[in-house]
Amino acid sequence: MGIGIDLGGTAIKGGIVDYQGTIQKERMVKTQSQLGYAQVLNDLVVLIKELHQLTPEETGVGIGIPGILSADGATVVSCPNLNWKNRPLKQDLESCLSLEVLLVNDATAACIAEAAFGSTRDKKNSVILTLGTGVGGGVIINEHVIFGAHGVASEVGHMIMEENFYDCNCGKNGCLETFASATALIRYCQKQLDEGTESVLRTIKNFDARDIFEFAKAGDVLALAAVNRLTRYLGWAIANISDLIDPEVFTIGGGLSGAGEFLLEKIIAETRSRLTYPQYAMPEIVLATFGNEAGMIGAANLSRFI
Ligand SMILES: [Zn+2]
23 MGIGIDLGGT
33 AIKGGIVDYQ
43 GTIQKERMVK
53 TQSQLGYAQV
63 LNDLVVLIKE
73 LHQLTPEETG
83 VGIGIPGILS
93 ADGATVVSCP
103 NLNWKNRPLK
113 QDLESCLSLE
123 VLLVNDATAA
133 CIAEAAFGST
143 RDKKNSVILT
153 LGTGVGGGVI
163 INEHVIFGAH
173 GVASEVGHMI
183 MEENFYDCNC
193 GKNGCLETFA
203 SATALIRYCQ
213 KQLDEGTESV
223 LRTIKNFDAR
233 DIFEFAKAGD
243 VLALAAVNRL
253 TRYLGWAIAN
263 ISDLIDPEVF
273 TIGGGLSGAG
283 EFLLEKIIAE
293 TRSRLTYPQY
303 AMPEIVLATF
313 GNEAGMIGAA
323 NLSRFI
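In the numbering used here, each residue's number is its place in the sequence shown (first place is 1) plus 22.
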């Protein structure tokens, strides 16, 4: 049993996760980040205390955070969604709770959820790419999460692929995230429409990534080109990571993974064509088992993978 918290920009979700990876009890409150750090801290303490009272045994607490943590996992170095910088969250929570609290990046939490109970279960080496508004990443090698010397390992979304027509939120140009996220798909299609390319997308006001996948499947030339561009860069990135650390399996998670086999088959083909040793080192590439609950399940199981 463990308590897993998913601290997001709009909601704080907490759950008691059992040994099979099932969420037995769940609680949620709004994230009131506009009221400052002290308010969010207080809301976390109340939520965790409530869950702890419902837990029949002693348990630790893990929290998934959409930001960068210090190498020792104690401080939230940067979390733009909550407007936090250098917040000693672990110490602040432990002094209020008398429980051990572990912090983890949210994409790494998703990687742990898959490794503990999902698509990469029983595999020692796995990588997750979460494709949503941005691109997140998590890496497990020999059943241990990789944090790196400064706590910022596995930022696969910010690997430089090549120059792109717009800058990444991180300030750089050419990040994978600007080629392989929902934002990237929409911006690429909008640019092509602005330049006069014909597409059914022109008839849809405020189209989203789901629309682009729908029209790509139906054969719209622009939508299909946009999806092929996205999967080409993902294939390159997966081949590069594979050449570097040679994991058994990559998991594709996040909102875009809802495109299913259509997306997966393209990524697999692109990866195979770019891998140095495709004959005997082609990794499995699979869809994530968990969706919105991945953060809670992974955070609750962090202690097994550090
Ligand atoms: Zn970037």
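No residue lacks a Cβ here, since even glycine has one placed at the ideal position from N, Cα and C.
For residue i, does the count of other Cβ atoms within 10 angstroms reach 16, so buried, or fall short, so exposed?
| i | result |
| --- | --- |
| K71 | exposed |
| A202 | buried |
| A291 | exposed |
| P88 | buried |
| H180 | buried |
| L57 | exposed |
If I follow the unbroken beta strand (DSSP E) through residue i, where does it start and stop?
| i | result |
| --- | --- |
| I274 | 271-275 |
| S100 | 98-101 |
Using only the alpha-carbon positions, how far apart do residue i and residue j sit?
| i | j | result |
| --- | --- | --- |
| G313 | P269 | 22 Å |
| G95 | H172 | 10 Å |
| K112 | S264 | 33 Å |
| R143 | I274 | 14 Å |
| Q42 | K146 | 18 Å |
| A33 | I27 | 10 Å |
| I168 | T219 | 43 Å |
| Y188 | T81 | 46 Å |
| L66 | N105 | 16 Å |
Put residue i into one of helix, strand or coil per three-state DSSP.
| i | result |
| --- | --- |
| I208 | helix |
| L121 | coil |
| H74 | helix |
| R49 | strand |
| H166 | strand |
| A321 | helix |
| D230 | coil |
| L309 | strand |
| N195 | strand |
| D189 | strand |
| K35 | strand |
| G89 | coil |
| V174 | coil |
| G280 | helix |
The alpha helix (DSSP H) with residue i in it runs from where to where?
| i | result |
| --- | --- |
| R109 | No alpha helix (DSSP H) holds R109; the beta strand (DSSP E) holding it covers 106-109. |
| D28 | No alpha helix (DSSP H) holds D28; the beta strand (DSSP E) holding it covers 24-29. |
| L244 | 243-267 |
| C133 | 128-139 |
| T152 | That residue, T152, is in no alpha helix (DSSP H); its beta strand (DSSP E) goes 148-153. |
| E292 | 283-296 |
Under the assumption that residue i contacts residue j (Cβ atoms under 8 Å), give the Cβ distance between them as a whole number of angstroms.
| i | j | result |
| --- | --- | --- |
| S176 | V161 | 4 Å |
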